[in-house]
Ligand code: ADP
Ligand code: ADP
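Numbering (UniProt numbering), first residue to last: 1 to 223.
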């Protein structure tokens, strides 16, 4: 069981409190939506999970069973609307390099597992294609494959389907459900209420840097 938690996390930019006493407690197995108006703190939280920002106070922790994981960001993968990939490298080469220019420590994907991940995502046929030649939906699958290979525990999907077709969105949601089913933590940020209804067991509503309410299970389809 993986657990992502945080207590009273704050982050200020000058006089602005981007995060203002945020509490988090998310366990593996569910897909949790993060909703909230512009300026609510979603991007700040995303950057913090990705290790691009540190909290002024409070801390995000990740535990695996009884083990507290160091360097949480190494275990967090953000899947972006615009995939962060190297367009002039092949799929295989992209998988070999860490996301956003960082190497994942000593994790170098060996060909067999890379192949298995590509097969699982239905993109093994593209292994030797350059990313620039592939559709956005496939590029995104490469980003997901890279995260799976780097052994990420937390997958944060940031407006992942804004540019996808209905069919591609369905396939993406299926992959998110698979990740959750295999014991990962899956987070979804979106402005589309309907996507929450389709995928999430729980929605956290963020406003002014704090979770103001939480909507669970059956209530989601009633809202
Ligand atoms: P969201 O992603 O929900 O729209 P953000 O996390 O981007 O919210 O922003 C939360 C608040 O923090 C907003 O008031 C925003 O203007 C402010 N903010 C975010 N990043 C910065 C920054 N780098 N410098 C100054 N203010 C920032
Ligand atoms: P393809 O038809 O492209 O060969 P499949 O439809 O067989 O691939 O899909 C294989 C796996 O990849 C399924 O688990 C599916 O959910 C996932 N998948 C397909 N398209 C996407 C996508 N755009 N984003 C994320 N996962 C996807």
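Note that CB positions come from ideal geometry on N, CA and C, so glycine has one too.
As the structure is a prediction and not an experimental result, all values here were calculated from the model.
Where does residue i land, buried or exposed, given buried means 16+ other C-beta within 10 angstroms?
i, result
"residue 218", "exposed"
"residue 182", "exposed"
"residue 1", "exposed"
"residue 150", "buried"
"residue 174", "exposed"
"residue 161", "buried"
"residue 54", "exposed"
"residue 75", "buried"
"residue 36", "buried"
"residue 38", "exposed"
Using DSSP with H/G/I as helix, E/B as strand and the rest coil, what is residue i?
i, result
"residue 213", "strand"
"residue 135", "coil"
"residue 184", "coil"
"residue 197", "helix"
"residue 228", "Residue 228 falls outside the range modelled here, since the chain spans only 1 to 223, and no answer is possible."
"residue 15", "coil"
"residue 169", "helix"
"residue 178", "helix"
"residue 159", "coil"
"residue 4", "strand"
"residue 9", "strand"
"residue 142", "helix"
"residue 205", "strand"
Would residue i and residue j qualify as a contact pair, given that the criterion is a beta-carbon distance under 8 Å?
i, j, result
"residue 207", "residue 40", "yes"
"residue 143", "residue 79", "yes"
"residue 7", "residue 18", "no"
"residue 60", "residue 9", "yes"
Relative to the alpha-carbon of residue i, which residue among the options has its alpha-carbon at the smallest distance?
i, options, result
"residue 156", "8, 122, 9, 44", "44"
"residue 145", "191, 84, 26", "84"
"residue 31", "179, 209, 210, 214", "179"
"residue 48", "22, 27, 172, 64", "22"
Quick check: does the Cβ of residue i come within less than 7 Å of any heavy atom belonging to ligand 3?
i, result
"residue 40", "In terms of ligand content, the structure shown lacks ligand 3 and carries ligand 1 and ligand 2 instead."
Q: Mind listing, in chain order, the continuous beta strand (DSSP E) runs of no fewer than 3 residues lying wholly within the region 22-81?
A: You should have 31-35, 60-64, 76-79.
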